[in-house]
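Residue numbers (UniProt numbering): 1 to 1042.
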Amino acid sequence: MRPLRIRLVNFGPYKDQTIDFEDFNDAPLFLISGKTGSGKTTIFDAMCFALFGRSSGGDRNPDEMRSDFADQTEETFVTFIFEHHGQQYVINRKPKQTLAKKRGTGTTEQVASVDLTVTDRDGKEQSWTKRGTVDQKLFDLLHLTPAQFTQIVLLPQGQFRHFLEANSNDKEALLADLFGTDLYKRWANNLNDQLKAMRQASKDQSTQLATYAKMIKWQDDTEVPVADAPATDILAALIQQNEAMKPELARRRQVNDKESARLSQLTTQVKTEESLLAVFNQREQAQLALTKLNQQTADIEKLTAHIKQLEWVQQTVPLREKAVETKQQEMRTTERLTSTKTSLTTAQQTLTDAVAVVEQLNAQKPEEVKRQSELTRLRQVRPLFETVATLNKRQVAQQQQLKTAQTNAELIAKQLSEQQQLRDQLDQQLTTLQSLDAKQLTVRDQQHALKTLTDQQADLDQQQHALQMRHQRIDKTAQQLAELTAKQKDTADRYQQLDHDWTVGQIQRLSAKLEDGEPCPVCGSTEHPKVAVATVTAVTEDELKEADKQRQDINQRVANVTGQLNELKAAQEKDQSAYEENELSWAKRIDQLTNQSVVTDNARDVLSQFRQQLANMVQQLNDALEHRTQLQQQLSVIKPQLETLTAQRDEANKKVQHVQTELTTVTAQLEDRRHDLPDQFKDLASLDAHIKQVEQASQAYIEQTTKQQDDQNKAQQNVTQLQTQVTSLTQNQAEQHKTATAAQQTFDEALNKRRPVVELEAFNQLANEVDELDEQRKVHQRFLTDKSRATAQVETLTKQIGDQTRPNVEETVKAREVQTEKQRTAQQAFYDFQQVVQSNEDVATKMKTLMGESREAQQQLAEMAELADTATGRSDMHLSLERYILQTYLQKVLTVANVRLAVLTNRRYQFRLDTSAGSRATDTGLEINVFDDQAGKVRSVHTLSGGESFIAALSLALALGEVIQSEAGGITIEALFVDEGFGSLDGEALQMAMEALQTIEGNNRMIGIISHVTEMQEQIPDQLQVVSLANGQSTIKYQHEL
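In structure tokens, the structure reads:
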């Protein structure tokens, strides 16, 4: 995969910026420079966002990547174009963002989206817009996670130098993420969790066994095991007790069964006697009820006679009611007839009055004809007045329009003149500011030169500090050498004295043993007239050797310190010379920049003054540029306003001319129409007023005539209707009188048949009691039913009792209560003992089962502990399963890295993986050393110099990327961006780093170096420069020569 272009819109500090990587096709190694925070890394955040929807470091939410300066209506998106195997891939991705609504007010939430377009060699395109589909397509193409892609494309600041020197735990965290070995870690953790669960289960089983032991109910005659006895002993004692309790349980069951049978017998006897006693009581109650019913016989006979009389009245009441109803109907008809005759007389008078009024209105008809004729004439004249009125209104409106148009034209002309004057003023001011661009370039050059000199000053200060520190070391080392020299003399003197004393002692010892005739070991004489006498303290050979060792040690220390002092003085002299040379060169550059006479003594003051002057100049320039920008913005606003005002002025003048023409036309038409109007009426309003007066008079006549005619017709209809009603009511009155007389006669005949027993007054009283007839019948029937039921019940119960006597139930109940207590006592004794036996047997069964499970669980626990300890690294090797797998991957990486490291170091260094077990997991499994061919031994990576560490870290990072691509089976990434923190390297290390980077050019791989270090800007001609603007935005510039 080779990046071609990437476009960032409202993304980070970029408003709308396209970075063209094809601009560096002929320069495979180029520099990406810019101030800290200007947006260099944002380019790679955008690349990762386009591919994976996240930033390169993964520490920023995509929603946070939207620019702070973005307009609320403008979207944030990234378009990334890259090429692979002749196919071009275009990705457009937008984050979730809040935008202003296009219509109305308020905001709307826009969801994240992405689309992918692939164009093959033949120009055929294929697109996908669903997020899940696009992400899967990209993964199928790359076969890389975001972390892996970032590792291959971008070497972040200091990360791999840290990785090189990190302990095994830190290396494991990075490698596990890159190679996806989390499965092994999860499996190991799962084993560990299972082990914890099994251990807890084993502990729970022991706790449960103890709980079961506490649940045992021991008998008084049983020998109870001690509290900490083994579970097997407790279970054996429990089983033995359970067997011993079974005979006693059987005996108690027999006693309980016997007492229960006796209780059942007494219970049955009580129920039988209670049933017989109930029958005796029922017969007595039935006999008492029958006696009471026989006492009511006389009252029931009277009730029977009264019921018969009410039944006759009930049949006769309808005859009386019919007689009364027909009489009342006759009276109502008579009243209606009288009322209707009175209404007929009044209606006849109303009809006479209406006929007279209609005749009077008919006499006024000729006047109405005249009014209608006048209205016809006036309506024919009215259109002329309407035309004149319309023309009057148009004339007034046109006059007002003309006045408004003229006022508007004058106002626009005034505004146009003011804007033209303001434009001329702005143009004049901008002309005076044309030299700002040249000044800005000059200031930028001076800022760049000042930054370079400031950086060099910092380097000189650092060198001076190093010289001072070394001078202190020289003084300290010289003092140490003086002290060691004095100590050396004392140690030499002491050794010489001890050597002398030891020699004398040896002579004295040999002399003491000389015999006559033996040669002296000192002088060789065979005669010994005066043997030496001991005059010094005896010195042992060990004391002499120790003194000699101290003498040699101090001599070696003096030689070492002397060498160190000579090396420090030589280095001090060399660095002092270099410092003076650099300081002189730096002072000359300040002289060239400031055009002042500069020497090393005043260089810092001159540079500080120039820095302040330049800061003032920059402030003034920025103020002037800001003022020019404001002027340009004002001018950009005024120009369209001038165009608009000019167009408005022309349009206003045209409107004035048009309105004047229309006013002239309307005025001429108005004069012509006024000559055609009659003199009787002043205007349309007076004509309309007269027409309205005539129309109202005519309308009043018509309405009155119509109303009076309607009144005459209604009166005639009312008279006719009332006459018909009188005739009908007279006939109905005669028929109703006849019906009422017949109904009264029928009722009187029925009543006479019962007289004198029942007169009319008694009949009416009985009629009021008819409603109680049903209730009296029920009382009569209930008496008969109760007497029959009581008689039958007495006979039935007497047969049921037969010759039995009344039982004594209370005596039998007392006997049952006594037996109940005896049975309860026997039953409780049996149940309590049975519960103890069942509980102990249940405990024994559970203990036996749990002990069997516990033995099997202990075996599984031991196996799981061994497996979990091996997988998690809890062993003497301190190597977990995941770290063992990562060790394999790391060995592959080191093998690939050694090829490049050998080239970059002239085969001096080779990576070596330390497979030995450390004292802790932190330093075991993933430790990296280097084999130094010159020293012929393995060294720690911590002993490498700055430049060597950079080369080693670079080789390791490149190798890691190659192995990741190989393992993932994805495409080859033909781009590498190194962001390794070059500012921390000294001059020698930086030069070594540059040489190392130049060796990885080629093979069609584009390499970008991200740095703001001045030396790199001066050595790499091809540069992509990120320039920060004053408004928080950044822009991109390209450079291809120094």
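Built from N, CA and C at the ideal position, the CB exists for glycine as well.
Predicted model only: the values in this text are computed from it and were never measured.
Where DSSP assigns a beta bridge to His-84, which residues make up the other side?
-> Partner residues in the beta bridge of His-84, as assigned by DSSP, are Gln-87.
Check Met-1 in the structure and name its three-state DSSP category.
-> Note: Met-1 maps to coil in three-state DSSP.
Taking Cβ positions, are Leu-361 and Gln-708 nearer each other than 8 angstroms?
-> If you check the CB distance, Leu-361 and Gln-708 come in under 8 angstroms.
Classify Phe-681 as helix, strand or coil using the three-state DSSP reduction.
-> Note: Phe-681 maps to coil in three-state DSSP.
CA-CA distance, residue 1061 and Asp-122?
-> Because the chain is modelled from 1 through 1042, residue 1061 falls outside the range shown and cannot be assessed.
Taking all protein chains shown into account, decide if Thr-150 is buried (16 or more other Cβ within 10 angstroms of its Cβ) or exposed.
-> In this structure Thr-150 is buried. Its beta-carbon is surrounded by 16 or more other beta-carbon atoms within 10 angstroms.
Rounded C-alpha distance that separates Glu-759 from Asp-771 = Their Cα atoms are separated by approximately 20 angstroms.
Does the beta-carbon of Ala-1030 have 16 or more other beta-carbons within 10 angstroms, so that it is buried, or is it exposed?
-> Exposed: under 16 other Cβ atoms inside 10 Å.
Buried versus exposed, by CB contacts within 10 Å (16 or more), Phe-69 = Label assigned to Phe-69: exposed.
Grouping DSSP H, G and I as helix and E and B as strand, with all else coil, what is Ala-935?
-> Three-state result, Ala-935: coil.
Taking Arg-186 as the reference, which of Ile-951, Gly-505, Thr-117 and Glu-882 has the closest Cα?
-> Check the Cα spacing between Arg-186 and each of Ile-951, Gly-505, Thr-117 and Glu-882: the tightest is with Glu-882.
Hey, out of Ala-742, Gln-488 and Ile-32, whose CA is closest to Ala-559's CA?
-> The option with the nearest alpha carbon to Ala-559 is Gln-488.
Taking C-beta to C-beta, are Lys-569 and Ile-474 nearer than 8 angstroms?
-> For Lys-569 and Ile-474, yes; Cβs fall inside 8 angstroms.
Cβ-Cβ distance between Leu-209 and Met-847 below 8 angstroms = Yes, these two residues count as a Cβ contact at 8 angstroms.
Inside the stretch 810 to 851 only - alpha helix (DSSP H) runs reaching at least 4 residues = Qualifying alpha helix (DSSP H) stretches: none in this window.
Can you check whether the CB of Gln-395 is closer than 8 angstroms to the CB of Leu-670?
-> One thing to note: Leu-670 has its Cβ within 8 angstroms of the Cβ of Gln-395.
By DSSP, does Asn-92 sit in helix, in strand, or in coil?
-> Per DSSP, reduced to three states, the secondary structure at Asn-92 is strand.
Going straight from the alpha carbon of Glu-74 to that of Leu-174, what length do you get?
-> Taking the straight line from one Cα to the other gives about 39 angstroms.
Ala-902 versus Tyr-909: straight-line alpha-carbon distance, rounded = Cα atoms of Ala-902 and Tyr-909: separation of roughly 6 angstroms, rounded to the nearest angstrom.
For the stretch 813 to 823 against the stretch 266 to 274, are there 3 or more C-beta pairs whose distance is under 8 angstroms?
-> Flag = yes, the stretch 813 to 823 and the stretch 266 to 274 touch.
Taking only the alpha-carbon atoms, compute the straight-line gap between Leu-784 and Leu-277 and give it to the nearest angstrom.
-> Linking Leu-784 to Leu-277 through their CA atoms gives a straight-line distance of about 29 angstroms.
Using the C-alpha atoms, what's the distance from Ser-38 back to Val-1027?
-> Using only the alpha carbons, I get a separation of about 7 angstroms.
Can you list the alpha helix (DSSP H) stretches of 4 or more residues lying completely in the stretch 192 to 273, in chain order?
-> Fully enclosed alpha helix (DSSP H) runs of 4 or longer: not present.
Using the beta-carbon count (16 or more within 10 Å), is Tyr-1038 buried or exposed?
-> By the Cβ-count criterion, Tyr-1038 is exposed, with fewer than 16 other Cβ atoms from all chains shown falling within 10 Å of its own Cβ.
For Pro-95 versus Pro-62, is the C-beta spacing smaller than 8 angstroms?
-> Yes, these two residues count as a Cβ contact at 8 angstroms.
What did DSSP end up calling Phe-69 once you bin it into helix, strand or coil?
-> Under the three-state reduction of DSSP, Phe-69 is assigned to coil, being neither helix nor strand.
Within 8 angstroms, strictly: CB atoms of Val-941 and Phe-931 = Not in contact: Val-941 and Phe-931 (Cβ atoms no closer than 8 angstroms).
Looking only at DSSP bridge pairs, what is Leu-645 linked to?
-> Partner(s): none; Leu-645 has no beta bridge.
Would you identify the three-state DSSP class for Ile-300, choosing helix, strand or coil?
-> Residue state, collapsed to three classes: helix.
Any idea what DSSP makes of Ser-880, helix, strand or coil?
-> Correct three-state label for Ser-880: coil.
DSSP state of Gln-295 mapped onto helix, strand, coil = Here Gln-295 sits in coil by DSSP.
Classify Asn-929 as helix, strand or coil using the three-state DSSP reduction.
-> Asn-929: strand per DSSP, three-state reduction.
Tell me whether Ile-973 sits in a helix, a strand or coil according to DSSP, three-state version.
-> The answer is coil: DSSP assigns Ile-973 none of H, G, I, E or B.
For Val-504, the nearest candidate out of Thr-222, Thr-477 and Thr-540 (CA to CA) | Selected option, being the one with the closest Cα: Thr-540.
With a cut-off of 8 angstroms on the beta carbons, I'd call Thr-340 and Val-726 a contact; round off their distance for me.
-> Between Thr-340 and Val-726 the beta-carbon gap is near 5 angstroms, inside 8 angstroms, which marks them as a contact.
Any non-hydrogen atom of the ligand SAH within 7 angstroms of Phe-911 CB = No copy of the ligand SAH occurs in the structure displayed, which carries no ligand at all.
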